[in-house]
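Numbering (our numbering), first residue to last: 3 to 236.
Report on the structure given below.
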Amino acid sequence: MSIVYVDLEHDRVRNDATAGVSHLTRRDAAQVRLAAAACEPCEVVRFDDVSVDRIRSLAPSAMVISGNTADWSEYDFATLAGLRETIRAAPIPILGICGGHQLIGHAHGAHWGPLGPVRDGVIDPDPRFAPGLRKERGYLPIDVDRSSPMFQGLSDAPVVFQSHYWHLTGVPLGFEACASSLDSPIQAIARQDRPVYGVQFHPERYDDEHRDGEAILQNFFAIARDNPPSPAPR
């Protein structure tokens, strides 16, 4: 078996001389860490090459959807149709990270939007992107529902890497929220009838001092092993 890592980044970023290199570096690092957490090989697939049939043909044990640095307004949503259909059908366990989390929510009817302007008296933590908008950036604590299998073995306030200024503004129908932060109340969602999860943070970007993200990935892949892919309809 293997896992699939869906690269959600926009072609504008991938084709940029500087941003494209940074993207590939992060993607390759994530691929290695996902494979280690799953104890399975990890195959990268572009977002516009995803469909239910393609995923069934690859027969992975789970699918992880990456984040993205491009704004959603840059995307032609027709190119996301196959991925969105796969998210809704959920033929395998799915984890969405950052933008992937947002896309899972949006595919199920939830609204999304910016966190809002930087509060008075607060310094923008990273004015290089979305200047003037409130954002979460760096290693920050979140509040989690420890009854969720995604957060088993963790403290009430694990520390994870954040890098976003956009978020879900509501919980999609059929899901429940299982983590929050002061600026982003919907830090994690879980589908109630299938093993589909979204996390606003980046569990794959852990370091030696902040390893909670690694544990969260391991928990997800343990869930995936307990929920093998559903057979294709005949």
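All C-beta atoms in this analysis are idealised placements derived from N, C-alpha and C, irrespective of residue type, glycine included.
query	result
Alpha helix (DSSP H) runs contained entirely in the stretch 9–75, provided each spans 4 or more residues	13–16, 21–40 and 54–60
Collapsed DSSP secondary structure at residue 110 in the structure displayed	coil
Collapsed DSSP secondary structure at residue 219 in the structure displayed	helix
Length-filtered (3 minimum) beta strand (DSSP E) runs lying within the stretch 90–174	96–99, 114–116, 138–143, 161–166 and 168–170
Helix, strand or coil at residue 84 [DSSP, three-state]	helix
Buried versus exposed call for residue 9 [16 or more other C-beta atoms within 10 Å across all chains shown]	buried
Span of the beta strand (DSSP E) around residue 178	177–182
Spatial distance of residue 213 from residue 140 (CA atoms)	14 Å
Opposing strand residues paired with residue 191 [DSSP bridges]	179 and 200
Anticipated Cβ contact below 8 Å, residue 63 with residue 99, distance rounded	With 8 Å as the limit, residue 63 and residue 99 do not qualify as a contact, their Cβ atoms being about 17 Å apart.
Cross-strand partners of residue 5 (DSSP beta bridge)	44 and 64
C-beta contact flag for residue 169 and residue 191 at 9 Å	no
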